[in-house]
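Chemist:
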C-alpha cells in the first residue's frame, strides 16, 4: 500500500503531483489511499485555492477529517496529532507513507516511522526542503530527490538512508503536440521574484527584439509583480511582443503549449519544473536558466537542439539561445521533445519507480518521539486558536 498525506489546500506543483500519482495508482489497481483534512469553512490562509478534497474529487480511497479554526490557527503539534490519527486509522501497517511539503505532515509520519515506511520527498532546490530534511532525515525509511542537484546537496547529511532520484511525473496523455507554425514563446508560473526571477522576462524580451523581430511571448500566471511587469513592457515598447494573461486555467494552458515553439524559464532555483515537463510533453523546446531538474536533461542525446540552458541572470545568453532555438527548426523536434518527456516524466514511470524503491525499504526502529511538550501544545491549541482568531478579526476591522 502507498499512502499520500497532504495539507488541506492545493498549492501548485507538489499537490498536482500528489493528485496525479495517486489517481494513477488507482488506475493501475495499486493499493493506495489519499489522506488530508477538509476545512469546515474557508481558512484565512486558503485564499482562492481549491481544497484538496475538491481538487482530487471524492472517491472511496480518499479519507479526510473535517477541521476548523483549531486546526488552522492552533499549534503545529495539534495539526500533527490530527494527521497522525488519520494515518493510524486508514493505513495498513508496513505501508509506504509519503508526506507533502508541510512540516506537520512530515512530523506526523515520522512519529509513526516504526510502523510505516516513510519516504521524504525533496521537491525543490530550496532551503525549506533542506531544513525539513535536516530535521527529520534520521526518521525516514528512504528519501527521494527530484533532481541530482538536490540529492548531491544533501549527500553529506544523508544519515546513510536509501536515497534515489525520481523526477516528478505528469499524465502525458493530457498533453498534445500541435502545429507550431508561429514563433510563439511561453512563460508559465507564479509572478514573483525570489524563485521565478520574473523581472528578467521583459529584459530578455528587450534583448531579443534588438536582433529578431518575428516572435511573440505570452506570460501565464499571477502574482504581486504582474503590474510592474506590464508597466515595464510598455516603457520598453514591447506591447506588440510581450503579453501578460494572468491566471489561466490548466485546459487553456494545455492548448497554448501545444502551439508554442519554446518555453522560457528564468528561475533562480527549481526542483523539477512542472511547466518544463508539460512543455516537453507538448513538443516545445526549452530555454531555461541552469537550475535543478532541467540541467539533468542536457546530457541526453535526444535533448540536443531541444533543451538550452544559460547561467541564471545572463539575459544576453538567454536571448542568444532563444534566437538559436527559433532559427534552428527541424520538423522532428516537437516529436523528439515529446520523446524526452516520455522517457523521464511519465507519471506511470514515476509511480513504478516509487513502488520499486519502497519495496526494499524497512520501517525504522526508533520514531520521532512524542514528548510531553508536544502533548501540552496539543492541549492548549484550542485556546491559542481562539486568541489568534480574535486578533485577526480586530486587525481586519
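In our numbering, the protein residues as written are 273 to 669. Where a beta carbon is used, it is the ideal one built from N, C-alpha and C, also for glycine.
Hey, residue 586 and residue 533 are a contact pair by Cβ (cut 8 Å); roughly how many whole angstroms apart?
Modeler: The residue given as residue 586 occupies position 314 in the chain shown. The residue given as residue 533 occupies position 261 in the chain shown. With a Cβ gap of about 21 Å, residue 586 and residue 533 do not count as contacting.
Chemist: Would you be able to state if there are at least three C-beta pairs under 8 Å between the segment 327–347 and the segment 288–299?
Modeler: yes
Chemist: Let me confirm a value: residue 308 is counted as buried when at least 16 other C-beta atoms fall within 10 Å, else exposed. Which label applies?
Modeler: Indexing the chain shown from 1 puts residue 308 at position 36. Buried.
Chemist: Shortest alpha-carbon distance to residue 476 belongs to which of 557, 345, 466, 489?
Modeler: Against the chain shown, residue 476 aligns to sequence position 204. When C-alpha distances from residue 476 are compared across 557, 345, 466, 489, the shortest belongs to 489.
Chemist: Which residue's Cα is closest to the Cα of residue 566: 351, 336, 396, 295?
Modeler: The sequence position of residue 566 within the chain shown is 294, counting from 1. For residue 566, the closest of 351, 336, 396, 295 by C-alpha to C-alpha distance is 396.
Chemist: In this structure, how does DSSP classify residue 481 when only helix, strand and coil are distinguished?
Modeler: For this step, residue 481 is matched to residue 209 along the chain shown. In the structure shown, residue 481 sits in a helix (DSSP, three-state: H, G or I).
Chemist: Please determine, among 363, 468, 494, the residue with the shortest C-alpha to C-alpha distance to residue 335.
Modeler: Residue numbering aside, residue 335 sits at position 63 when the chain shown is read from its first letter. That would be 363, whose Cα lies nearest to the Cα of residue 335.
Chemist: With three or more beta-carbon pairs closer than 8 Å as the criterion, would you say the segment 646–661 touches the segment 336–344?
Modeler: yes
Chemist: What residue range does the beta strand (DSSP E) around residue 452 cover?
Modeler: As a working note, residue 452 is residue 180 in the chain shown. Neither: residue 452 is in no beta strand (DSSP E) and is coded neither H nor E.
Chemist: Can you tell me whether residue 296 is buried or exposed, with buried defined as 16 or more other CB within 10 angstroms of its CB?
Modeler: Along the chain shown, one-based indexing puts residue 296 at 24. Residue 296 should be labelled buried.
Chemist: Any idea what DSSP makes of residue 487, helix, strand or coil?
Modeler: By one-based count along the chain shown, residue 487 stands at place 215. In the structure shown, residue 487 sits in coil (DSSP, three-state: anything other than H, G, I, E or B).
Chemist: Pairs of beta-carbons, one from the segment 629–648 and one from the segment 352–368, closer than 8 Å: are there three or more?
Modeler: yes
Chemist: Name the one or two DSSP bridge partners that residue 261 has.
Modeler: Nothing in the structure corresponds to residue 261, since the chain is present only between 273 and 669.
Chemist: Rounded to whole angstroms, what is the Cα-Cα separation between residue 358 and residue 320?
Modeler: Along the chain shown, read from residue 1 onward, the residue named residue 358 stands at position 86. Along the chain shown, read from residue 1 onward, the residue named residue 320 stands at position 48. Straight-line Cα distance between these residues: approximately 26 Å.
Chemist: Quick one: any contact between the segment 459–475 and the segment 532–550, if contact means 3 or more CB pairs under 8 Å?
Modeler: yes
Chemist: By how many angstroms is the C-alpha of residue 557 removed from the C-alpha of residue 385?
Modeler: By 1-based counting over the chain shown, the position of residue 385 is 113. By 1-based counting over the chain shown, the position of residue 557 is 285. For residue 385 and residue 557, the distance between alpha carbons rounds to 42 Å.
Chemist: So, at 6 Å on beta carbons, what are the nonlocal neighbours of residue 273 in its own chain, with the 5 sequence-adjacent residues on each side left out?
Modeler: Against the chain shown, residue 273 aligns to sequence position 1. If we look at residue 273 and ignore the five residues flanking it on each side, its Cβ neighbours are 303, 364, 367.
Chemist: Would you please state the rounded distance, in angstroms, between the beta carbons of residue 437 and residue 413? I believe it to be under 8 Å.
Modeler: Counted from its first residue, the chain shown places residue 437 at position 165. Counted from its first residue, the chain shown places residue 413 at position 141. That belief does not hold up - the Cβ atoms of residue 437 and residue 413 are roughly 17 Å apart, past 8 Å.
Chemist: Assuming the contact rule is C-beta atoms closer than 8 Å, residue 405 and residue 426 should be a hit. Round their C-beta distance to whole Å, please.
Modeler: Taking the first residue of the chain shown as position 1, residue 405 is located at position 133. Taking the first residue of the chain shown as position 1, residue 426 is located at position 154. Correct: roughly 5 Å between the Cβ atoms.
Chemist: State the Cα-Cα distance for the pair residue 300 and residue 442, rounded to the nearest angstrom.
Modeler: Taking the first residue of the chain shown as position 1, residue 300 is located at position 28. Taking the first residue of the chain shown as position 1, residue 442 is located at position 170. Cα-Cα distance, rounded: 15 Å.
Chemist: Can you tell me whether residue 422 is buried or exposed? The criterion is at least 16 other CB atoms within 10 Å of its CB, across all chains shown.
Modeler: The residue labelled residue 422 in the question sits at position 150 within the chain shown. The residue is buried, with at least 16 neighbouring Cβ atoms inside 10 Å.
Chemist: So the candidates are 483, 559, 589, 444; which of them puts its Cα closest to the Cα of residue 578?
Modeler: The count along the chain shown starts at 1 and reaches residue 578 at position 306. Ranking the options by Cα distance to residue 578, first place goes to 559.
Chemist: Alpha carbons only, please: which of 552, 281, 575, 452 is nearest the one belonging to residue 598?
Modeler: Position 326 of the chain shown holds residue 598. For residue 598, the nearest C-alpha among the options comes from 452.
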